[in-house]
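In the order they appear, the protein sequences are chains L and B.
Quick note: the first sequence uses my numbering, first residue 1, plus one each step.
Quick note: the second sequence uses my numbering, first residue 165, plus one each step.
Glycine residues also receive a C-beta, built at the ideal position from the N, C-alpha and C atoms.
A short worksheet on the structure shown next.
2 protein chains.
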Amino acid sequence: MAETPPSGESLLYLTDEQLRKGIEAMFFAYRGFTADPDRILEGLDYGRAHHRAIHFINRTPGLTVSNLLAILGVTKQSLNRVLRTLFDDGLVEARVGKTDKRERRLHLTEKGAGLERALSDAQRARMRAAYRAAGPQAVQGFRTVLEAMMDPEMRRQYLREEGQ
Amino acid sequence: MAETPPSGESLLYLTDEQLRKGIEAMFFAYRGFTADPDRILEGLDYGRAHHRAIHFINRTPGLTVSNLLAILGVTKQSLNRVLRTLFDDGLVEARVGKTDKRERRLHLTEKGAGLERALSDAQRARMRAAYRAAGPQAVQGFRTVLEAMMDPEMRRQYLREEGQ
DNA sequence: GAATTTACGTCAGCCTTGTTGACATTCCAA
DNA sequence: TTGGAATGTCAACAAGGCTGACGTAAATTC
C-alpha cells in the first residue's frame, strides 16, 4: 500500500505503479519471446520443453542429466519423457561418461543441431531487433535488471564460465 | 551463423553470443519473476492462470470477458474454467453490462482484492529489490528492451492509457 | 419484425508438461 | 563391501492449454 516516499534523488521509479508496469512488461514480453520458436515447434511433435532441453544441450555439450535437471528445475521423470523422444528421433545422443560410467553425457546430433539453429535463429532475430531498437545502453540495463531478478541459484547457472 | 561485423560505433552488443545471453537471462529471470506468487498460489487451489486473471481484473475493473480473453491470449473455454472457480470461491464477481446486457463486467470482491494484494506484494517485492539494485538508468533500459520485444498487439495492451 | 451477429457459457475430449511415489540398475567411493 | 549417487522407468494424476460443437440472450442490421 504505502510506498517509501521519494527521497533525495528521485525514487519515483520504485513506485507501486512503476513496478506494476514492470511486471506487465515481463508478462507481455515473455509471450513475444517464446512466440517464434513455438511456431516452429508446433507441427513438429515438440513443445517448449524440448526447446529448452535442446538449447542447454547445445550451450554445454556433454552435460549430464543431473546438470540439465538442475538447470531446468523439473523432475527427472518429466525431463526423461522429453529426452526419450529426442533420443528416439535422433536429435540428441548420450555418451557414457569417461570417468564416471553412470553419467550420460548429452550431445546434439547433426539433426539436433539443425533444429537448434532453426529455433535459436528465430528467437535471436526478435532479440536482435529489440536490442537494435533499444540501443546498447538499454540492453545493458535490461541485462542488469534481469540478473537482479533471478534466484541466486539461477544466477549462478546464468553466469557460469564467461563473466559476461 | 555469420553476424554483421562491428561497424563504426561498436555493435558488439548484437553478437550471437550476446543475444544468447539475453535469451538465457529472460529464461532464468522469468523463473524468478513467477516464483514468489507461485509459492502463495500452491496450497490454495489456484495456479498461474488464476493469478493472471486476477491481476488484469484488478488492473482494469469492469473489463469484459472478451477484453480479458484478448489480453491473456487463451481460449474462452480455458479462461472460463478459471473464472468459474474464481466466481465459485467469491473472489471475482460479474455485473451485467449497463449499455450492453450481454457483457459481464468483471470485478474483484473484497476477498479477491485481498488475494491480489498478497500476490502482487510478493511479486513487487522482488521487482523492487531488482530495480533498486539496478538503478533507474538500468530500469529504463529494461523497460525499453522488453517493450521492443513484444508483439505489436501486446504492446498496445501494455501501453493502453497511461503513456508511461 | 425477422434474420443475423455478438457475447458468453458449456459439454466432451485431447495434448503437453508438470507432479508424486515406488522400484531397479549400475557404479563410485569410503 | 556397502551405502549412496546417477540414472531409467512404470503408474497415476493435475493444471492448463487446445479444438469442435452447441445453446442462449441480447444487440444490430436488413
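Chain-ordered chain L contacts of residue i [CB-CB under 8 Å]
i	result
P300/B	S10, Y13
Chain-ordered chain B contacts of residue i [CB-CB under 7 Å]
i	result
L83/L	By Cβ distance, chain B contributes nothing, its closest Cβ being about 18 Å from L83/L, past 7 Å.
A25/L	R307, L310, E311, Y322
A35/L	D315
R126/L	M313
L79/L	The contacting residues do not exist; L79/L stays about 16 Å from chain B at best.
Neighbour flag for residue i against chain B, beta carbons, 8 Å
i	result
V74/L	no
D38/L	no
A118/L	no
A122/L	no
G22/L	yes
A133/L	yes
F28/L	yes
D88/L	no
L106/L	no
L41/L	no
L63/L	no
L19/L	yes
Neighbour flag for residue i against chain L, beta carbons, 8 Å
i	result
R195/B	yes
G327/B	Because the pLDDT at G327/B is just 37, under 50, the model does not fix this residue reliably, and the point stays unresolved.
L279/B	no
Q304/B	yes
D264/B	no
D180/B	yes
Nearest neighbour of residue i, chosen from the options [CA to CA]
i	options	result
L44/L	L86/L, G22/L, T34/L	L86/L
E17/L	E311/B, R320/B, A298/B, M291/B	M291/B
T308/B	I40/L, A133/L, Y13/L	A133/L
S174/B	E153/L, G135/L, G32/L	G135/L
D124/B	Q301/B, A289/B, D315/B, A312/B	Missing from the structure shown is residue 124/B; chain B here goes from 165 to 328 and no further.
L243/B	T224/B, A293/B, V303/B, F220/B	F220/B
L183/B	Q140/L, D151/L, R156/L	Q140/L
G226/B	Q287/B, D315/B, K262/B	K262/B
D315/B	R160/L, A129/L, R156/L	A129/L
Beta-carbon gap between residue i and residue j smaller than 8 Å
i	j	result
V260/B	T273/B	no
Y177/B	F28/L	no
L270/B	V229/B	yes
L210/L	M190/B	No information on residue 210/L is available, as it lies outside the stretch 1 to 164 that chain L covers here.
G32/L	M318/B	yes
I54/L	E116/L	yes
A277/B	R268/B	no
D202/B	R212/B	yes
Y30/L	Y194/B	yes
Residues that residue i contacts on chain L, provided the C-beta gap is smaller than 7 Å
i	result
A294/B	V145, A148, M149
L208/B	Going along chain L, no residue has its Cβ under 7 Å from L208/B, so there is no contact; the nearest lies around 20 Å.
Neighbour list for residue i in chain B, Cβ cutoff strictly below 8 Å
i	result
A70/L	Per Cβ cutoff of 8 Å: no residues; A70/L is ~12 Å from chain B at best.
Check: residue i C-beta below 7 Å from any heavy atom of the ligand NAD
i	result
A286/B	You won't find the ligand NAD in this model; it holds no ligand whatsoever.
Contained alpha helix (DSSP H) runs [length at least 4] in the region 76-111 of chain L, N- to C-terminal order: Listed in chain order, they are 76-88.
Within the region 168-242 of chain B, ranges of the alpha helix (DSSP H) (whole runs, at least 4 residues): 180-205, 212-223, 229-236
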